[in-house]
Amino acid sequence: MEQTNTNFIHEIIDEDLASGAVDHVHTRFPPEPNGYLHIGSAKAIWINHSTARKYGGEFNLRYDDTNPVKENDEFVRAIYEDICWLGAKPDHVFYGSDYFGICYEQAVKLIKKGLAYVCDLSADEMREYRGTLTEPGRESPYRNRSVEENLDLFERMKNGEFPDGSRTLRAKIDMASPNINLRDPAIYRILHKTHHRQGDKWCIYPLYDFAHPIQDAVEGITHSLCSIEFENHRPLYDWVVEHMDIPNKPKQREFARLNVTYTVMSKRYLRDMVESGLVDGWDDPRMPTLCGLRRRGYTPESIIEFVKRAGVSKAYSVVDAGLLEYCIREELNRTAPRRIAVLDPIKVEITNYPDGKTEYFTQNNNTEDPNAGTREVPFTKNLYIEREDFALDPPPKFFRLKKGGEVRLMGAYIIRCDDVVLNENGEIERLLCSADLETRNNNPADGRKIKGTIHWLSAETAVRGAARLYDRLFTLENVADIPEDKGYRDYLNPNSLKVCENCFFEPSLASAKPGDRFQFVRLGYFCADTKYPGSFNRIVTLRDSYAKGK
RNA sequence: UGGGAUGUCGCCAAGUCGGCAAGGCACGGGACUUUGACUCCCGCAUCCGCAGGUUCGAGUCCUGCCAUCCCAGCCA
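Rendered as structure tokens:
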């Protein structure tokens, strides 16, 4: 990944470096292993990783695994895999839960300093005492327990003497603060639950606001870059950092998270869609997860490029999915081999072409890349063309095949449609065409211009297969099955997935390996699916100007 | 309605000490074209949430409004 552009985060760091506040840069990406990474995560990964690289610093992956009820090892593995795939292999991998001992020690020190206390209020009571946005909170009756009592109670919490929810450890800050996060936030809770990594070692768990700054401090993080909804937590983050006896004092800085049009970015909803069976799994090609995008055929480079182009600021924004599509087209136009596929075939018979004859036509593997070479494609009397490339009743400016009209078979002859054979239902059975055999490698001698060029396949050699067409990124089907109160319902598109079961491909595509990407000429960019052999996912269409009548 | 943050072209986003609005996507027009793709030209904010003020001059300073987002988990 190249680091050319800067942003306001880098300006902040430049100032810190210039003022001597720090002499190096160390960042981290701290996902909670409670789901798979998505394209929104890619922004956070890129910002933290590229910032570290730009300043020659280090980049940690740290699992923020302080809540055992939502986390598991499957997510831990998947996150590492996806972050590496993106090209942001971390210099170090840590687990927040490995610092539970340190968190505990720091909590004890806080108690000794009179800055934390054990509170016996229930969750409901605590909420009541907390006040509201406009009214200050009230102090807990347990707020002024003695240090000795707090120490004793906290130790007994740790030893498992109390049931879940019966007590918390709270930071003693200010119940009247206009910032609700500062109204004596709970920093430890009792939870008798097996942790995916720590097992049953602990029955008290530190909350995010307490654990996170400690994790950052312990790892030597200089800049803790996170999304903007944590801005309200910064005073608390600083409070914790201030009162820990850890020399490193990391700074939290915030940026706006990534939103993309038509895209559900909430991990909760994504999990819901997976668990309800609405999608194939976390790697369903319609999902905005990194593994979903990967299976769909997106490259890590295109995703990083998208994130970079979308930019970094603090303003709420929704980036047009068209930008992501642009990024993958731009890359694949340069790199993807061209192949021919006919998704919805219609038979064409070249009436003036000999039975049993086969000639080979040379096709460019990639017109954008002279080094990509060429390949030989067989031509025979019977062909398939795309049903859409013929019109019985052509609209204005229809440059493709019509009765009595001519069209160029790409890389081969110009043909004229002489007759249309219909079946008993009045549907097109096949087209009877004649080829201008003089036009193999050149234009007509009489100077007539043939505006349209279409792709074709020899019916004798084409191989059958399937293609899965996704209409727009991340849109899903079966809207009617989804309750109206689901937050992701508005993002769903009932026509999002079309499976073409009766496609034909160039013979060479039969040996495509899962993950191989191609441009199917005139149809779009496709990727051989990793789950269904012989089927191709459409990553994105080509820009389509005949839809606009140009 | 308390606090915090943000508001520059349809969507993102640059805009140093105030000096007279980058770029990308999208879109429109044209050239080229054996992918109506690609590529290449050209166009696309007299205006910077609104209203005042300061100034020779303000997107950039001041004042006051307005709008949107975040915060009342023993989630992160």
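Be aware that the first sequence starts at 31, since it is given in the working numbering, and climbs by one per residue.
Where a beta carbon is used, it is the ideal one built from N, C-alpha and C, also for glycine.
Could you tell me which of the options sits nearest to residue i, measuring between CA atoms?
{"i": "residue 456", "options": "240, 431, 473, 422", "result": "422"}
{"i": "residue 115", "options": "399, 136, 328", "result": "328"}
{"i": "residue 326", "options": "560, 41, 463", "result": "560"}
{"i": "residue 223", "options": "140, 369, 98", "result": "98"}
{"i": "residue 218", "options": "226, 229, 188, 228", "result": "188"}
{"i": "residue 582", "options": "550, 533, 576", "result": "Nothing can be reported for residue 582: it is not among the residues displayed for the chain, which extend from 31 to 580."}
{"i": "residue 215", "options": "156, 174, 180", "result": "156"}
{"i": "residue 388", "options": "121, 406, 330", "result": "406"}
{"i": "residue 122", "options": "262, 58, 418", "result": "58"}
{"i": "residue 545", "options": "419, 531, 330", "result": "330"}
{"i": "residue 433", "options": "479, 378, 179, 398", "result": "378"}
{"i": "residue 226", "options": "555, 104, 113", "result": "104"}
{"i": "residue 106", "options": "63, 80, 126, 137", "result": "63"}
{"i": "residue 464", "options": "381, 261, 221, 270", "result": "381"}
{"i": "residue 113", "options": "446, 141, 70, 397", "result": "70"}
{"i": "residue 241", "options": "128, 332, 197, 575", "result": "128"}
{"i": "residue 136", "options": "282, 210, 200", "result": "200"}
{"i": "residue 442", "options": "475, 467, 424, 419", "result": "467"}
According to DSSP, which residues form a beta bridge with residue i?
{"i": "residue 528", "result": "499"}
{"i": "residue 149", "result": "198"}
{"i": "residue 472", "result": "None; residue 472 has no bridge partner."}
{"i": "residue 15", "result": "Outside the shown range of the chain (31 to 580) lies residue 15, about which nothing can therefore be said."}
{"i": "residue 216", "result": "200"}
{"i": "residue 432", "result": "421"}
{"i": "residue 183", "result": "Paired residue(s): none; residue 183 is not in a bridge."}
{"i": "residue 554", "result": "550"}
{"i": "residue 404", "result": "394"}
{"i": "residue 57", "result": "89"}
{"i": "residue 101", "result": "DSSP lists no partner for residue 101."}
{"i": "residue 281", "result": "253"}
{"i": "residue 73", "result": "The partner list for residue 73 (beta bridge, DSSP) is empty, contrary to what the question assumes."}
{"i": "residue 124", "result": "92"}
Below 8 Å CB to CB, which residues in the same chain sit around residue i once its five sequence neighbours on both sides are set aside?
{"i": "residue 172", "result": "147, 148, 149, 150, 151"}
{"i": "residue 334", "result": "31, 72, 76, 116, 117"}
{"i": "residue 369", "result": "535, 536, 538, 539, 548, 549, 550, 551"}
{"i": "residue 143", "result": "273"}
Which class does residue i belong to by DSSP, given the choice of helix, strand or coil?
{"i": "residue 286", "result": "coil"}
{"i": "residue 521", "result": "helix"}
{"i": "residue 176", "result": "coil"}
{"i": "residue 203", "result": "coil"}
{"i": "residue 508", "result": "With a pLDDT of only 49 at residue 508, under the threshold of 50, the placement of this residue in the model should not be trusted, and no figure is reported."}
{"i": "residue 245", "result": "helix"}
{"i": "residue 319", "result": "strand"}
{"i": "residue 273", "result": "helix"}
{"i": "residue 221", "result": "coil"}
{"i": "residue 36", "result": "coil"}
{"i": "residue 466", "result": "strand"}
{"i": "residue 359", "result": "helix"}
{"i": "residue 336", "result": "helix"}
{"i": "residue 455", "result": "coil"}
{"i": "residue 261", "result": "helix"}
{"i": "residue 50", "result": "coil"}
{"i": "residue 240", "result": "helix"}
Suppose the cutoff is 6 Å on Cβ atoms and the five residues either side in sequence are ignored; what does the same chain contact list for residue i look like?
{"i": "residue 303", "result": "309"}
{"i": "residue 290", "result": "349, 351"}
{"i": "residue 213", "result": "160, 167, 205, 207"}
{"i": "residue 579", "result": "427"}
{"i": "residue 278", "result": "247, 250"}
{"i": "residue 54", "result": "87"}
{"i": "residue 482", "result": "429, 430, 437"}
{"i": "residue 529", "result": "498"}
{"i": "residue 372", "result": "414, 416, 487, 534"}
Whose C-beta lies closer than 7 Å to the C-beta of residue i among residues of the same chain, with five residues either side of it excluded?
{"i": "residue 124", "result": "90, 92, 249"}
{"i": "residue 34", "result": "In this predicted model, residue 34 has a pLDDT of only 47, less than 50, meaning its place in the structure is not dependable enough to derive any value."}
{"i": "residue 175", "result": "147, 148"}
{"i": "residue 558", "result": "542, 543, 544, 545, 546, 566"}
{"i": "residue 145", "result": "201, 202, 273"}
Less than 8 Å between the CB of residue i and some heavy atom of the ligand NAD, yes or no?
{"i": "residue 452", "result": "Questions concerning the ligand NAD fall outside what the structure shown contains, since it holds no ligand whatsoever."}
Checklist entry - With contact counted as at least three CB pairs below 8 Å, one residue from each stretch, are the stretch 82–94 and the stretch 242–249 in contact? => result yes
Checklist entry - Should the stretch 408–425 be regarded as contacting the stretch 490–501, the criterion being three or more beta carbon pairs within less than 8 Å? => result yes
Checklist entry - Do the stretch 154–171 and the stretch 195–213 meet, that is, are 3 or more Cβ pairs less than 8 Å apart? => result yes
Checklist entry - Between the stretch 233–246 and the stretch 182–195, do at least 3 Cβ pairs fall closer than 8 Å? => result yes
Item to check | Three-pair Cβ contact test at 8 Å for the stretch 265–273 versus the stretch 44–51 | outcome: no
Checklist entry - Quick one: any contact between the stretch 385–396 and the stretch 519–529, if contact means 3 or more CB pairs under 8 Å? => result no
Next on the checklist: Whether or not the stretch 533–549 and the stretch 359–375 are in contact is what I'm after, with contact meaning three or more pairs of Cβ atoms, one per stretch, closer than 8 Å; do they touch?
Outcome noted: yes
Next on the checklist: Could you check whether the stretch 339–349 touches the stretch 458–465, counting it as contact only if at least three pairs of C-beta atoms, one from each stretch, sit closer than 8 Å?
Outcome noted: no
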